[in-house]
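In our numbering, the protein residues as written are 63 to 336. For each residue, glycine too, the CB sits at the ideal point set by N, CA and C. Notes for the one structure printed next.
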């Protein structure tokens, strides 16, 4: 019995191993990273330089202002009130400047325009004087302009045609609050006094001076030798008719009064010397 010769099985040939390469993300090289740093540094330097230029260059600071609309108030007074001198243009607040200018009693409206590089334009509207108010205080006489709404303001110059009112009440009698003013601490003349004075001046153009009494209102010294009291308001035409009618009656009776009061035209009266 023959025994076959067994040849050993050929060992299974091992397949060559394949080495897999792991995928590695794209990395920014040192050169590209340093490039971005230089760009950021350059932007920072430019920003600092621009800021230094804007905030240190005198051309961006306000040294003067263009003033428009003034008639009586000097332009330099408006500029001083604005307090905008030496402000950087970026720090100029138009509303705040306008509010400062409006603190002037002579100004009723203010508009502020800011332009590049440091141009400031201030446009104002002034109150128009309607009469001169004289307030005697001891040895001094304080004089004011008064507009149609009764606002008192400094008398800037002598204007022809404005009627004068001399206050005989000891002090300015009308204080806010009231229809004539918005500021509760302001002092104003009753607008009926202003309108009454202008009405009398229109009807009697020869009147240059009126007087104010807290009880009897407006009066003037009649050239015929007495004082005439007319109250306040715009019904002076009717009061003058009553006044002249009473004067005619007194003259016919040979009565010479020291004053005639038609402040209440329904109940006029007069007084004679005792």
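### Task
Count the other C-beta atoms from every protein chain shown that fall within 10 angstroms of the C-beta of residue 100, then say buried if there are 16 or more, exposed otherwise.
exposed
### Task
List the whole-angstrom C-beta distance separating residue 280 from residue 259, where the pair is believed to meet the contact cut-off of C-beta under 8 Å.
Their Cβ separation, rounded to whole angstroms, is 6 Å, which keeps residue 280 and residue 259 in contact under 8 Å.
### Pairwise C-alpha distance: residue 184 and residue 123
16 Å
### Query
Which term fits residue 177, buried or exposed, when burial requires 16 or more other beta carbons within 10 angstroms of its beta carbon?
exposed
#### Entry: Those runs of the alpha helix (DSSP H) which lie wholly inside the stretch 152 to 231 and span at least 4 residues
156 to 163
### Query
Taking DSSP as the reference, what is the three-state secondary structure of residue 126?
Residue state, collapsed to three classes: coil.
### Task
Report the rounded CA-to-CA distance for residue 193 versus residue 224, giving the unit in angstroms.
5 Å
### Query
If you draw a straight line from the alpha carbon of residue 87 to that of residue 109, how long is it in whole angstroms?
Because the pLDDT of residue 87 is 48, which lies under 50, any placement of that residue in the model is unreliable, and the number read from its coordinates should be weighed accordingly. Approximately 35 Å, taken between the alpha carbons.
### Message
So, at 8 Å on beta carbons, what are the nonlocal neighbours of residue 327 in its own chain, with the 5 sequence-adjacent residues on each side left out?
### Response
297, 300, 301, 304
#### Entry: N- and C-terminal bounds of the beta strand (DSSP E) containing residue 282
That run of the beta strand (DSSP E) goes 279 to 284.
### Message
Tell me the residue span of the beta strand (DSSP E) that contains residue 141.
### Response
First-last for residue 141: 137 to 144, but that is the alpha helix (DSSP H), not the beta strand (DSSP E).
### Task
Going by CA-CA distance only, name the one from 171, 230, 165, 331 that's closest to residue 275.
The shortest CA-to-CA distance from residue 275 to any of 171, 230, 165, 331 is the one to 230.
### Query
What's the call for residue 121, buried or exposed, on a 16-neighbour Cβ count within 10 Å?
exposed
### Query
What first and last residue would you give for the beta strand (DSSP E) that runs through residue 294?
First-last for residue 294: undefined, no H or E at that position.
### Task
Could you name the residues that DSSP lists as bridge partners for residue 333?
321
### Task
Name, in chain order, the residues that DSSP records as bridge partners for residue 275.
Answer by DSSP bridge pairing, in chain order: 279.
### Query
With 16 other CB atoms within 10 Å as the buried threshold, where does residue 149 fall?
The residue is buried, with at least 16 neighbouring Cβ atoms inside 10 Å.
### Query
Given residue 84, which residues of its chain have a CB within under 6 Å of its CB, disregarding the five upstream and five downstream residues?
Residue confidence is low: residue 84 scores 48 on pLDDT, short of 50, so the model does not pin down where it sits. Its coordinate-derived value is still stated next. Closer than 6 Å at Cβ, skipping near neighbours: no residue.
### Residue from 166, 208, 146 with nearest C-alpha to residue 180
146
### Task
Work out the CA separation of residue 196 and residue 222 for me, nearest whole Å.
16 Å
### Message
Using a 10 Å radius around the Cβ and a threshold of 16 neighbouring Cβ atoms, would you call residue 267 buried or exposed?
### Response
exposed
### Message
Given a cut-off of 9 Å on the beta-carbon distance, is the pair residue 209 and residue 271 in contact?
### Response
no
### Message
DSSP has residue 150 in a bridge; who is on the other side?
### Response
123
### Task
Consult DSSP for residue 88 and reduce its assignment to one of helix, strand or coil.
Its pLDDT being 49, under 50, residue 88 is placed unreliably by the model, and nothing is read from it.
### Task
Over the uninterrupted alpha helix (DSSP H) stretch that includes residue 259, give me the two end residues.
253 to 265
### Task
Excluding the 5 residues preceding and the 5 following residue 128 in the sequence, name in chain order all residues of the same chain whose CB lies nearer than 6 Å to its CB.
183
### Query
Using the rule of at least 16 other Cβ atoms within 10 Å of the residue's Cβ for burial, across every protein chain shown, is residue 138 buried or exposed?
exposed
### Query
Nearest CA to the CA of residue 325: which residue from 282, 215, 287, 156?
The shortest C-alpha separation from residue 325 is found at 282.
### Task
Evaluate residue 135 with the Cβ neighbour count: other Cβ atoms within 10 Å of its Cβ, from every protein chain shown; 16 or more gives buried, anything less gives exposed.
buried
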